[in-house]
Structure formats: structure tokens, C-alpha cells
Amino acid sequence: MAFLEICNYDKTFKDGFHVLNDINFTLEKGEVLSIIGSSGSGKTTLLRSLNFLIPVDNGKMMLDGEVLFDSASNEKVTEKTLRDKRLNFGLVFQSFNLFPQYSVIGNIMLAPSLILKEKIKTYKAQLKADKTLSKSERKALLSSFKVAEKAKIETDALELLKTVDLLNKKDAYPCDLSGGQCQRVAIARALAMKPKVLCFDEPTSALDPELTGEVLRVIRSLKGEDRTMIIVTHEMGFAKNVSDKVLFMSDGLIEEFGSAEEIFDNPKSEKLKNFLSSVSNKDGDTTQPVNE
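Take the sequence shown: its letter number 226 is residue 485 in our numbering, and every next letter is one higher.
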């Protein structure tokens, strides 16, 4: 069984535009999938639907042996169950979306800290239910739990800042950072929730060319840590160099799906051939690896 399996995803917008048309693909644990295609082909809609940000009309998703979505099911989806499903995925947006009022480390620690509040409530209820504990013992255990969990969140955040090479910026604010640095913070923030699948929506499209390389190098370094990743990108050289699989979309359909070598070195459909040719003519030879 594949780690991630998407079956028959279908989505039509209210204006009648059929943006996703019977989408099917699988991904193994630790693989990197790049989604490529022209603007309007359905790439971002597909990525957002995987993250439960856009509902699909039909389809089924299985992740790590668990059914996360099945349009044929009568399951009642509450806000909590939807949030829990989203936690399986981390999404890095093209426009960073950092909170300007929080420092770098504050941005990274924010979501885990919010989750901790719920864990504290649950742990407090468990202590209260234990009639063998005195009031002072419950208070001491709860205090110890809070201190330990908060320390772990901060330690994990500092480790993530090392991963994206921004430890020296931990107390800075987004307004003090370059676009590339902001995107690296956004990557660390997504990783802080320990998602099973890390997703990127054109992570370099808002960056100047000289800042693109630093972000792509961070993403490539994550591949070495056996992370499952899905990347919507217009950087063809990067996609060829980092991907285990590549999915080419056109008009809401999967036109081709295969290994990076199959897609870039041996394209079969005329649409893919024309797309790669147009990108190459516009940007030069974009199938070359990104410089380290």
C-alpha cells in the first residue's frame, strides 16, 4: 500500500470551471513529488485540496494506511476533525504568511503552543480523575508538565532554525528579514507541527532570483532527512534534480506522471513537450541543477 494515495479527485467551481478532473496518483514515504504545469492547470487547487483548504466534490484520500477523506462516506466532518486531518500536512505558501507581530522563534512556536493548551487541559482532567493524588500533587505534576512541554517546543524551534540556517535571527521580526529568510522561517514553521507530508506552493515565486537558490537548497536538504514532500514549482531544474516523481497537469487533468527522468528526458505527450519547450525558451535551460 502506498503511503499517500489519491483516487478520483474531482472539483468543479461554482462558475462551472472543471479545475480537477479525475486525479489519481500515489506517493511512497520519503518520496518527493513535483507538480508542474502552466498557470490555471489546477496545480494549486490540487495542493490546497490535499491540505483540506479546498473541498473536492468527489474522491478518496488515504495516508499512512488511514482514510482521511472519502466522498462516499457519511462521516460528519466537524471543525476539530477537519483541523486534525490538516495536521497531517504542512503547507508553505508562496507569500510566506508570517505573523508580523511575532519574532522568528515566536512564529515557529505559535502553532505548537496553541496545541499545547489543549494538551494541558486534557492532562489536567486526567490528574483530576486520579483520586489517589492530593491537590498539591496534582498542582506539582501539572506545573512540571507545562514546564517540560514548553521547553521542548522551544528546543524543537531552535533546532529547526538551525536546519534552515537562521538561528542568529531567532529574535528578529519578519520586517527585518529578506524574502528568502522569511520563506525559510515559513518552512521551519511548517516543520514544527511534524507533518507527515510537507507541501510547498511555488515557494520561490515571490522571491528575487538571487534569493531563490537559498530556499531551494533548504528544501533539497530536507529530502536527505527522508521527508515526504509535494512541491508545486515553476523551477524545472530544481524539479528534475530533487524529485522522485513528477506530475504534469494540463486543463485540470494529469497529462503525464512518472519519474523525473521520464518526464524531463522522455516526455510523451505533445502538451508536455510544448510546455517544457516554452519554459526552456523563456528561461534558458531550466533542466540544469540549481547551483549549490
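Note that the Cβ used here is the ideal one computed from N, Cα and C, for glycine as well.
- Looking at the backbone, the Cα of aspartate 435 and that of aspartate 467 are separated by about 17 Å.
- DSSP, read as helix, strand or coil, puts glycine 511 in coil.
- Per DSSP, the beta bridge partners of glycine 349 are Leu457.
- Within its own chain, the residues whose Cβ lies closer than 6 Å to the Cβ of glycine 511, once the five positions on either side in sequence are excluded, are His277, Val278, Leu279, Asn280, Gly301, listed in chain order.
- Isoleucine 295 and methionine 488 have their C-alpha atoms some 14 Å from each other.
- For serine 293, the enclosing beta strand (DSSP E) begins and ends at 291–295.
- By the criterion of a C-beta distance shorter than 7 Å, tyrosine 361 is surrounded in its chain by Leu369, once the five residues flanking it on both sides are discounted.
- Burial check for arginine 443: the Cβ neighbour count within 10 Å reaches 16 or more, so the residue is buried.
- Between cysteine 441 and valine 351, the gap from beta carbon to beta carbon reaches 8 Å or more.
- Under a 10 Å Cβ-count criterion, leucine 341 is classified as exposed, with fewer than 16 other Cβ atoms of the shown protein chains found around its own Cβ.
- Short of 7 Å from the beta carbon of lysine 530, and not among the five residues preceding or following it, lie these beta carbons of its own chain, in chain order: Ser509, Glu514.
- For leucine 309 and aspartate 460, the gap between their C-alpha atoms comes out near 12 Å.
- Distances from the alpha-carbon of glycine 349 to those of Arg486, Thr492, Phe516 put Arg486 closest.
- The alpha-carbon separation between serine 372 and threonine 381 amounts to approximately 14 Å.
- For isoleucine 282, the enclosing beta strand (DSSP E) begins and ends at 277–286.
- Here proline 314 is exposed: its Cβ has fewer than 16 other Cβ atoms, across all protein chains shown, within 10 Å.
- In the DSSP assignment, isoleucine 490 is bridged to Ser293, Phe459.
- Rounded to whole angstroms, the gap between the alpha carbons of arginine 397 and lysine 383 is 8 Å.
- Note on the stretch 333–417: whole alpha helix (DSSP H) runs with a minimum of 4 residues are 338–345, 363–388, in chain order.
- Annotated as proximal: serine 502 and valine 291, with beta-carbon spacing under 8 Å.
- The secondary-structure analysis by DSSP pairs tyrosine 432 with nothing; it has no beta-bridge partner.
- Threonine 271 is bridged by DSSP to His277.
- Taken through DSSP and simplified to helix, strand or coil, leucine 322 comes out as strand.
- Around the C-beta of serine 518, fewer than 16 other C-beta atoms lie within 10 Å, and the residue is accordingly described as exposed.
- By the neighbour-count criterion, in which a residue is buried when 16 or more other Cβ atoms sit within 10 angstroms of its Cβ, methionine 495 is buried.
- DSSP, read as helix, strand or coil, puts glutamate 521 in helix.
- Within the same chain, Cβ atoms closer than 7 Å to the Cβ of leucine 419 are found at Ile367, Ala447, Leu450, Ala451, the five residues on either side in sequence being excluded.
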